[in-house]
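A short write-up of the structure that comes next.
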Amino acid sequence: SYLEALDLDSTSVSVLRKLLSLYTTNRQWPEAIDIIERLVSVESDPTKQAKLTYTIGVICRDELGDSMRSVNYFDQTLELDVRNWLKAFEAIDRILTDARDWKGLERAYRTMLKRVDPMKEEDAMRPVYILLWRSLGEVYRTRLGHVQSAIAAYKMASDLDPSNEQVHLILAQLYEKQSDPVGMVKQHRELITNNPFRVESYRALFKSYLEALDLDSTSVSVLRK
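The opening position of the sequence shown corresponds to residue 632 in our numbering, with each subsequent residue numbered one higher.
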């Protein structure tokens with residue numbers, strides 16, 4: 632009866648919701664998804680649309696066992712309303728990490744950074760923006776093994792949050808891996824600026840200076856500065 636009513640008025644929200652209630656009660660998930668997609672098409676509020684697409688993503692992941700399909704719906708959710716549905720990105724991160732899809736995870740972070748970039752100065756979104764850069768750096772560092780890309784991402788995080796000791800330490804390690812003593816020294820000096828009693832950084836600076844004595848005078852001059 633409701634389907635016949637829908638044939639008469641395909642945009643009737645009340646009929647669509649009654650059908651959705653019946654389909655979810657009977658665990659008819661493909662039919663439920665079709666109804667929710669119709670609700671999305673008749674809804675004009677992006678935040679409400681986002682809630683609906685997030686619901687489809689959850690159904691695909693938890694009820695149909697189709698995690699990769701759910702990623703598409705979670706992505707639609709973020710396109711509609713990134714501020715209020717950050718948990719959609721958490722779901723994407725978890726799915727792609729579990730699938731060990733590192734290139735997909737890299738793309739997801741890059742896309743998310745573009746979404747958040749216009750809002751990066753907002754108090755609520757700035758920590759998110761910094762965390763995204765740090766997490767992208769970690770994907771490059773420990774998942775993809777792209778040291779130079781990891782350095783670039785962590786430098787962005789460091790510029791945004793200069794007092795973060797962990798970021799400076801990771802950068803120092805990355806520069807050391809790249810055989811870049813000047814970059815490493817700069818990070819340890821930042822660490823000392825934030826914490827004058829950080830003995831490990833003094834040791835690293837002393838070691839770098841000793842190693843530079845075997846190089847040309849220009850390297851020694853740079854390290855002294």
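Glycine included, C-beta positions come from ideal geometry on N, C-alpha and C.
Note that the structure is a prediction, hence the values are computed from the model and not measured.
query = Taking Cβ to Cβ, would you say Ile664 is nearer than 8 Å to Leu647?
reply = The answer is no: Cβ separation not under 8 Å.
ask   = What's the gap between the Cα of Tyr771 and the Cα of Lys734?
value = 10 Å
ask   = What three-state label does DSSP hand Glu821 in the structure shown?
value = helix
query = Buried or exposed: which applies to Glu668, given that a residue is buried once 16 or more other Cβ atoms fall within 10 Å of its Cβ?
reply = exposed
inquiry  = With the cut-off set at 8 Å, would you say Trp716 and Glu694 are in Cβ contact?
reply    = no
query = What's the call for Glu737, buried or exposed, on a 16-neighbour Cβ count within 10 Å?
reply = buried
message = Within 8 Å of any Cβ in chain B, is that where the Cβ of Leu650 sits?
response = Note that chain B does not occur in the displayed structure, where there is just one protein chain.
request  = Pick helix, strand or coil for Trp913, following the three-state DSSP scheme.
outcome  = The first residue shown for the chain is 632 and the last is 856, placing residue 913 beyond what the model contains.
Whole-angstrom distance between Arg725 and Met750, CA atom to CA atom = If you take the alpha carbons of Met750 and Arg725, they lie about 24 Å apart.
ask   = With 16 as the cutoff for other CB atoms within 10 Å, does Thr824 come out buried or exposed?
value = exposed
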